[in-house]
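Asker: Note that the working numbering has the sequence shown beginning at 1055, numbered continuously upward. No residue lacks a Cβ here, since even glycine has one placed at the ideal position from N, Cα and C. Keep in mind that this is a model prediction, so the values were computed, not measured. The structure under discussion is supplied below as structure tokens; questions concerning it will follow.
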Amino acid sequence: MEEGMGESTTRVCPSNLRYEQQPQHTAGTIKKIRLENFMCHENFEMEFVNAVNFVLGQNGSGKSAILTALCVAFGSRAKKTDRANHLKDLIKKGCSNAVIHVEIQNEGEDAFKPEIYGDVIIVERRISVSANSIILKDHQGKRVGHRIADLREMVEHFNIDVDNPCVIMSQDKSREFLHSGNDKDKFKFFYKATLLQQVNDLLENISKEIGVAHGIVKDLEGSIKPVEKELKELQDKIKAMEHIEQMSVDIQKLKKKLAWSWVYDVDKNLQAQSAKIDKLKNRIPACQAKIDQQLNDIERLKEGISEKKDVIAIMMEEYTQLNQIIADQNQPLSLARKEALELEHDCNSKTSKVQKMLQRLKKLEQEVQDLHEQHVKNTQAEKSDLEEKLKGLQHEVHAAELDWGRLKEEETKLMNNINLQNEEIKTIVYKIQDHENNCNEISKQIRDYEQKQGNKIAGFGGQRVIHLIYLVEKNHQRFKMPPIGPIGVHLNLLDAKKWAATVEHAIGGLLNSFIVTDHKDFLLLKQLAKEANYRNLQIIIYDFSIPRLKIPQHMLPETNHPSTLSLLQSENDTVINVLVDLGNVERQVLVKDYDTGKVVAFNQKPRNLKEIYTADGKKMFCRGGVETTLPLKGKGPGRLCSSFEDHIKDLRSKASDEQNAANEGKSRKRQAEIKLRELESNLTSVKRHCENVGRSLSSKKLALEEAMHQHAAENSSIPSSSVEELDVEITEFKKKLEEEQILLEALRQRKDEASGKAKDLKVKFDKLRGSAEDKFTAIEKAGSQCRKIESELESAEQGKAHYENLMENKVLPAIKKAEEEYQELTKMREEYAKKASIICPEYEINDCDSLEGCDMKTPDQISAELKELNQKVEHECRRHSEPIADLRMLYEKKQRKIMKRQKVYKALRQKLDACQRALEIRGKKFKSNATRLKQQLSWKFNDHLRKKGISGLIKVNYEEKTLSIEVQMPQDASNRAVRDTRGLSGGERSFSTLCFALALHEMSESPFRAMDEFDVFMFYMLNSESGFGLQDAVSRKISLETLVDFCVAQGSQWLFITPHDTSTVKPGPKVKKMQMLAPRS
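Right, dumping it as structure tokens:
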């Protein structure tokens, strides 16, 4: 074995520690190659790692033979290897055959048929002088395939293209790449390396072949045009002859058709009558279901009324008990309040008495002290002055009492006036609020009527119905039939000014309803209503195909007054039918006033009458002998009114009156408030004056009392015993004062107890009264609910009576009448069939299908057509006399021939058109991919240059077929790009050429790549400069390291063959160096 293996050492790169990882073989990589008698090798074997492999050796040692063997093993021809013209020329001299044995790794996600080949695929190529063969084996060496197609399938799966210079670059391709000095040669290399040349050649060849094929097909199509012309002339002659025969056949068929047309006419009537009976019978379950539903509703509502009445009775009993408790509690509360007030009055009296006793005590003590002084000063002159002073004080006290009484009366009068003025202001405020509320309500009505006048639809549901109609129009294709609604939009009213509001009350909620034709449309409309936030929409399912109902006179109310139906007009029959079937508008009678309605409803009681509606807002009906009159809610012209102008004008006038009344009330309120402030100011002044007068009166009374005591003391002689009497009186007075103070404290304690008791009773009383009010509110609410249920019960009973009446008076009589008509038609059919059978059997009528439309014609029409055909046959027989049989044979022969050729040419044309479209699509994709490839090439080229601080650009021009390289050196102060690499140094040129090669490699995909004498461009460029110095060696080292780093990072398998020194590259788990033995001399 001629293999030299270098020492395997671990290579650690400071900038890239991934070299330390142990490489693993992936699918499509070369695991081992073995050569026998191939070129210069007699018996050669070499194994490869999954990453970078260097094959080193001198020239002539057989390195390039390894790449040649790989190319031949993967199906390349001998000429494409540039080493021989025939495969037999690759056999070693002196030998008759050669063997190439290549083992391919087949593991991982991209494995090729792993269930057949296993983890290794063996490709064995045997070459002999006379023949060569290919054998594919599995990992155990078992033969799996031997055809060239099997090899191509595997090669295409792994994307191995040995003719691509980016996959296998031989010595010649390396030199060609090196010497490609001009831009066009570089473009050719790039075009071939990226497989764009191969794809472009294929597209051009296909386009040429399609053009040639189009011309051939066009010539073929033109060759049959004379034959087509002859065929057309022959066809015209045959049609003229066939027309006579066809008319004769039609005459016979028409005779038979005429015989049975009478029978079939009756059959149509029978089918229609049968369908009518089935339709009428189908109304029975629906009507009965409605009756059962109404009965269930009646039972449920009766139970609800009973429960509500029981609840109301219990609540009334509780309310009565609460009222009794409140009445019982009212008397103790009044007594407690009275007791508290009396005790407070006694307490105040006792307090006043104690205060007076204290004052009296002070006066007595003062009298004892002043007795002696008074006795000394008691002279006649002083006595006279004292009496005059006493009279003056009495006069002042009397005048002050008169003033104080007058002021008190004035204060009371002012208080009463203020209370009256407050009540007047409250009354004015209530009236202002009433006027403003009425004005707001009228303004709201004006806006509603203006909206109804501008958009009639909005009057029957507002913005929700407008949104719903928009959704219905948007989804109209999903409906079987477009929904009809709102019903009120489709109605017009006679004498609308008089009856609009009355008719609206009579029809009620049906005006806002929508009508659909089946349950599917019902669900769809319900979904759309939910989207429009219209959740309480009433949807009615009704058959749109039913014509407008004709109501017999005996089923209408026997009265001269108009009914609701007689005033309604609509272009849609379904709308009127729904109002009749569900709204009973034909049984609703309209009268002008209450008195007339009372006479009609309760005295005359005409048949078929359901309800009476009066123009002045009353509803009257009689159920089970009970006469009922109900007021109608709401006033106004109604939504069915044709014009709202007059009503809007009246409402605006009312709104103006209410606003004026409110403004007038506000003016009166301001005047009343000014008067109130004046009264309050006067009251404050009077109270202040009254207080001053009261204080003056008290001081004058006190002065009067002192003067009177002084006068009494002076008039009497003051014996020595009077002092003792005063002392005794003071002592007794103190005892009485203490007793009074004890009584006062007891009164105060009793007053506090009475006040607390009254307060507790008041809280309890207020609580009971609040409970009674809540209970009364609950009773009123329950009563309202009970009345609502009674109204629903009445409606349910009316609905039940309506459906029972509908069943008895409409459905069952109609079914009976239809069945009688069906029996009559059956007898008529039997008679007609018996007469027609005499002319011909019925089965012969099936042969008359060529007479289109006969089944839709009456017997009279068929007779007229038969007469006309007889006349035409006689006329045409006189015009034509040629035999038709010969013409038909000739026509059929030529027709078969030309149709066969037309079919073939049409198929060819369709296939060519499909190929042309596919070619155009692929051409567009080709141009798009070519544009992306040139962008990627420039980006990747610049990325590799950046590793050395250089920037560059590759420009590819597909129109001029040129590729130019521009390099910007970092040390170039002029910042100009070098467009000719010959302007670079040897190291710079070798590195830029290497970056260009790596960019091309990075754009192509292959499990392995091989380059023979890959570094020839390095030595060539370095040696072309002045010498081979230290700097050039450094550039070569950088280029090699860049190449190895790229190969390791790129991830595929690499095989480099070189005779030069690679000592700067250290072997490792991902880098393997193999030394070839020197060539034998």
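Is the CB-CB distance between Phe1514 and Leu1578 below 8 Å?
Answerer: No, they are not a contact pair.
Asker: If you run the structure through DSSP and keep just helix, strand and coil, what is Lys1835?
Answerer: Correct three-state label for Lys1835: helix.
Asker: Run through DSSP, which three-state label would Arg1661 get?
Answerer: Coil.
Asker: What is the residue span of the alpha helix (DSSP H) that Met1208 lies within?
Answerer: Unbroken alpha helix (DSSP H) run through Met1208: 1202-1212.
Asker: When DSSP labels each residue in this structure, what does Met1100 get in the three-state scheme?
Answerer: Strand, per DSSP.
Asker: Please classify Val1782: is it buried, with 16 or more other beta-carbons within 10 angstroms of its beta-carbon, or exposed?
Answerer: Val1782 should be labelled exposed.
Asker: Please classify Gly2146: is it buried, with 16 or more other beta-carbons within 10 angstroms of its beta-carbon, or exposed?
Answerer: Past the boundaries of the shown model lies residue 2146; the chain is included only from 1055 to 2135, so the question cannot be answered.
Asker: Starting from Asp2066, trace the beta strand (DSSP E) both ways and give me its first and last residue.
Answerer: That run of the beta strand (DSSP E) goes 2062-2066.
Asker: Closer than 8 Å is the cut-off here; do at least three beta carbon pairs connect the segment 1150-1162 with the segment 1078-1095?
Answerer: Yes, the segment 1150-1162 is in contact with the segment 1078-1095.
Asker: Mind listing, in chain order, the continuous alpha helix (DSSP H) runs of no fewer than 4 residues lying wholly within the segment 1514-1545?
Answerer: Listed in chain order, the complete alpha helix (DSSP H) runs (minimum 4 residues) inside the segment 1514-1545 are 1516-1528.
Asker: Put Cys1220 into one of helix, strand or coil per three-state DSSP.
Answerer: Coil.
Asker: Report the rounded CA-to-CA distance for Val2119 versus Lys1978, giving the unit in angstroms.
Answerer: C-alpha separation (whole angstroms): 45 Å.
Asker: Can you give the beta carbon distance from Lys1829 to Glu1372, rounded, assuming they're within the 8 Å contact cut?
Answerer: About 6 Å; that satisfies the 8 Å criterion.
Asker: Can you tell me the Cβ-Cβ gap for Pro1616 and Leu1644, rounded? I've got them flagged as a contact below 8 Å.
Answerer: Contact flag correct, Cβ pair sits at about 5 Å.
Asker: Please identify the residue among Pro1219, Asn1736, Asp1597, Ile1869 whose C-alpha is closest to the C-alpha of Asn1470.
Answerer: Checked all of Pro1219, Asn1736, Asp1597, Ile1869; the closest Cα to Asn1470 is Asn1736.
Asker: Can you grab the Cα-Cα spacing for the pair Leu2163 / Asn1717, in whole Å?
Answerer: No statement about residue 2163 is possible, as the shown extent of the chain runs from 1055 to 2135 and does not include it.
Asker: Could you give the uninterrupted runs of the beta strand (DSSP E) lying entirely in the segment 1570-1630, keeping only those of 3 residues or more?
Answerer: DSSP runs (the beta strand (DSSP E)) wholly in the segment 1570-1630: 1593-1595.
Asker: Which residue wins for smallest C-alpha separation from Ser1599, given the options Lys1363, Ile1569, Glu1207?
Answerer: For Ser1599, the nearest C-alpha among the options comes from Ile1569.
Asker: Considering only their Cβ atoms, is the gap separating Asn1107 from His2110 smaller than 8 Å?
Answerer: Sequence check: residue 2110 is Phe here, not His. Contact: yes.
Asker: I'd like the list of long-range same chain contacts for Asp1173, defined as Cβ closer than 6 Å, with 5 residues on each side in sequence excluded.
Answerer: Cβ neighbours of Asp1173 beyond the five flanking positions: Asn1160, Glu1161, His1193.
Asker: Apart from the five residues just before and just after Ala2053, which ones in its own chain have a Cβ nearer than 7 Å to its Cβ?
Answerer: The answer, listed in chain order, is Leu1991, Lys1994, Phe1995, His1998.
Asker: Note the first and the last residue of the continuous alpha helix (DSSP H) segment covering His1559.
Answerer: 1550-1561 is the extent of the alpha helix (DSSP H) around His1559.
Asker: Write down the C-beta distance between Leu1941 and Leu1285 rounded to the nearest angstrom, noting that I regard them as a contact closer than 8 Å.
Answerer: In fact, because the Cβ distance is near 12 Å, the residues do not count as touching under 8 Å.
Asker: Can the beta-carbon of Phe1241 be found closer than 8 Å to that of Lys1965?
Answerer: The answer is no: Cβ separation not under 8 Å.
Asker: Starting from Gln1159, follow its DSSP beta bridges and name the residues at the other end.
Answerer: Paired residue(s): Val1174.
Asker: Under a Cβ-count criterion, where at least 16 other Cβ atoms within 10 Å of its own Cβ denotes burial, should Gly1269 be classed as buried or exposed?
Answerer: It counts as exposed.
Asker: Please report how far the alpha carbon of Val1639 lies from the alpha carbon of Gln1658, in whole angstroms.
Answerer: Computed Cα separation, rounded: 20 Å.
Asker: Taking the continuous beta strand (DSSP E) assigned at Ile1188, which residues delimit it?
Answerer: Run containing Ile1188: 1186-1191, per the beta strand (DSSP E) assignment.
Asker: So, for Leu1684: in the same chain, excluding its five sequence neighbours on each side, which residues have a beta-carbon less than 6 Å away from its beta-carbon?
Answerer: Only Lys1673 meet the Cβ criterion.
Asker: Touch check for the segment 1613-1630 and the segment 1871-1881: three-plus C-beta pairs under 8 Å?
Answerer: Output reads no: the segment 1871-1881 does not touch the segment 1613-1630.
Asker: Does the structure place the segment 1114-1124 close enough to the segment 2049-2066 that three or more beta carbon pairs sit under 8 Å?
Answerer: Flag = yes, the segment 2049-2066 and the segment 1114-1124 touch.
Asker: Since Ser2005 sits in a beta bridge, which residues does DSSP pair it with?
Answerer: DSSP, once it has assigned bridges, lists Gln2022 as partnering Ser2005.
Asker: Under 8 Å, do Ala1586 and Leu1633 count as touching if we go by C-beta distance?
Answerer: Not a contact, by the Cβ cut-off of 8 Å.
Asker: Using a Cβ-Cβ cutoff of less than 7 Å, which residues in the same chain neighbour Ile1352 once the five nearest sequence positions on both sides are dropped?
Answerer: Within the same chain, Ile1352 has close Cβ partners Leu1847, Ala1850, Glu1851, Lys1854.
Asker: Does the Cβ of Gly2083 have 16 or more other Cβ atoms within 10 Å, making it buried, or fewer, making it exposed?
Answerer: Here Gly2083 scores only 42 on pLDDT, less than 50, and its place in the model is too uncertain to base an answer on.
Asker: Could you give the DSSP three-state label for Leu2126: helix, strand or coil?
Answerer: Correcting the residue identity first, residue 2126 is Lys in this sequence and not Leu. Residue state, collapsed to three classes: strand.
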